[in-house]
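S.K.:
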Amino acid sequence: MSELAVRNRIREFRQERGDMTQADLAQTCGVTRQTIIALEAEKYSPSLELAFKLARALGRNLEEVFRYAEKK
Amino acid sequence: MSRIHRRIQVLLAVAALGAAGMFLGAEGWRGIDFGPVGATLLYAALWVFVIHLAKYAGEVFPEEWSLAERQAWVALVFVALISLHMLNLLAALPDLGAEADRLRNSATRPLWTNLGLLIVGWIVVASMLRRQAGGGVELDERDLRIAHRASRFADGSLLLLIIGLVVALVALPEYSRTWLRPMVAANVLISLLIARALVENACTVLRYRRERG
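Each protein sequence line maps, in turn, to chains S and L. With the first sequence counted from 1, adding 39 to any position gets you this note's numbering. With the second sequence counted from 1, adding 5 to any position gets you this note's numbering.
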């Protein structure tokens, strides 16, 4: 059975918004830009609180941004 | 790789050469004492690094490194240098006999000066890095999680080191305990704490590296 992990569509939704940079998103959510880089590369799984903050900043529901799926 | 990164690598190589020269001891290599030359090289390289950090803010470290990761790398270098000084002291103390019990003796005098220089250098570099971060978020949940894991690993390592020391002391035959004077024992305990800090910083930078893949 393949391993499951927290996958996300942060980069996709951020780029959809056009003018939102990694630095903007980081500032809105109170994290460093390097954490956004790690999240977008799916090298880091956020806490529940940060996940809610990210979804709100991207104007999406939590389930749209994050899913529990097979690892890349 | 940028020009600045290449320069930083050269500086690190020069600093490592200087440190090696410093820690060869008074007998040096083929009877030549490289101590003063090594110290000059090491501190000159550190000084040029500080100048680079002030002049080329943001170019010295890769952009994908967070402030906490940069601070961990700086801490690793300085703690490694402090560890080498402590090892040098531990190697010299047993030969001093009763003189080893004096707080200021021929082995500790150069140590205090070097430790002072290193700690001042560390404070300067750390405060420059913080200033360059420009008031943004300095530490977030990812940094704290990495710091927590590194700290737990370092605590485990310290426990093993203490157990190892206790076993070594118990196993030592009576006649070979003569070197274990109070000041030597005190310095061994301080060295264990420094070793813990070294393990913690090494573990921190490794975890950041592993997370980047």
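Even for Gly, the Cβ is constructed at its ideal location relative to N, Cα and C.
Is the separation between the beta-carbon of LEU134(L) and that of ALA73(L) shorter than 7 Å?
M.R.: no
S.K.: Go ahead and label TYR107(S) buried or exposed: buried means 16 or more other beta carbons lie within 10 angstroms of its beta carbon, across all protein chains shown.
M.R.: exposed
S.K.: Looking at the unbroken beta strand (DSSP E) that takes in PHE52(S), where does it start and where does it end?
M.R.: It is not in any beta strand (DSSP E) - PHE52(S) instead sits in the alpha helix (DSSP H) that spans 49 to 55.
S.K.: Please confirm if the stretch 43 to 62 of chain L is in contact with the stretch 170 to 185 of chain L, defined as three or more CB-CB distances below 8 Å between the two stretches.
M.R.: no
S.K.: Under the three-state reduction of DSSP, which class applies to ARG12(L): helix, strand or coil?
M.R.: helix
S.K.: If the cut is a Cβ gap below 8 Å, which residues of chain S does TRP70(L) touch?
M.R.: Simply GLN73.
S.K.: With burial defined as no fewer than 16 other Cβ atoms inside 10 Å of the residue's Cβ, what is the status of THR60(S): buried or exposed?
M.R.: exposed
S.K.: Spatial neighbours of ALA94(S) within its chain, please: CB distance less than 7 Å, with the 5 preceding and 5 following residues excluded, ordered by chain position.
M.R.: ASN100, LEU101 and VAL104
S.K.: Are ALA112(L) and ARG186(L) close, meaning C-beta to C-beta below 7 Å?
M.R.: no
S.K.: Does the Cβ-Cβ distance between LEU64(S) and ARG53(S) come in under 7 Å?
M.R.: Yes; because the gap between Cβ atoms is below 7 Å, this pair is in contact.
S.K.: In angstroms with no decimal places, state the Cα-to-Cα distance between TRP70(L) and LEU203(L).
M.R.: Using only the alpha carbons, I get a separation of about 20 Å.
S.K.: Quick one: Cα of ALA77(S) to Cα of LEU149(L), how far?
M.R.: 15 Å
S.K.: Work out the CA separation of GLU55(S) and GLN14(L) for me, nearest whole Å.
M.R.: Distance between the alpha carbons of GLN14(L) and GLU55(S): 40 Å.
S.K.: Skipping 5 residues on each side, what residues in its chain have a beta carbon closer than 8 Å to that of GLY43(L)?
M.R.: So the list reads LEU22, GLY23, ALA24, ALA25, GLY26, MET27, PHE28 and LEU29, once near-sequence residues are dropped.
S.K.: Going straight from the alpha carbon of GLU68(L) to that of GLY102(L), what length do you get?
M.R.: 51 Å
S.K.: Can you grab the Cα-Cα spacing for the pair ARG215(L) / GLY161(L), in whole Å?
M.R.: 20 Å
S.K.: Would you report the Cα separation of ILE87(L) and LYS110(S), rounded to the nearest angstrom?
M.R.: 42 Å
S.K.: Where does GLU205(L) land, buried or exposed, given buried means 16+ other C-beta within 10 angstroms?
M.R.: Buried: at least 16 other Cβ atoms inside 10 Å.
S.K.: Residues of chain S with CB under 9 Å from VAL210(L), in chain order?
M.R.: None at all; the shortest Cβ gap to chain S is about 14 Å.
S.K.: Are the stretch 88 to 100 of chain L and the stretch 188 to 197 of chain L in contact at 8 Å, needing three or more beta carbon pairs?
M.R.: yes
S.K.: Quick one: what's got a C-beta closer than 6 Å to TYR83(S)'s C-beta in the same chain, skipping five residues either side?
M.R.: ALA77
S.K.: Between which two residues does the alpha helix (DSSP H) containing PHE105(S) stretch?
M.R.: Unbroken run through PHE105(S) is the beta strand (DSSP E), 105 to 109; no alpha helix (DSSP H).
S.K.: Report the residue ranges of all alpha helix (DSSP H) runs contained in full by the stretch 76 to 146 of chain L; include only those spanning at least 4 residues, in chain order.
M.R.: 113 to 137
S.K.: Distance check for SER132(L) and GLU51(S), CA to CA, integer angstroms please.
M.R.: Approximately 37 Å between the Cα atoms of the pair.
S.K.: Report the neighbours of VAL142(L) on chain S: residues whose CB is nearer than 8 Å to its CB, in chain order.
M.R.: ALA65, GLN66, GLY69, VAL70 and THR71
S.K.: Going along chain S in order, which residues have a C-beta closer than 7 Å to the C-beta of GLU64(L)?
M.R.: Per Cβ cutoff of 7 Å: no residues; GLU64(L) is ~16 Å from chain S at best.
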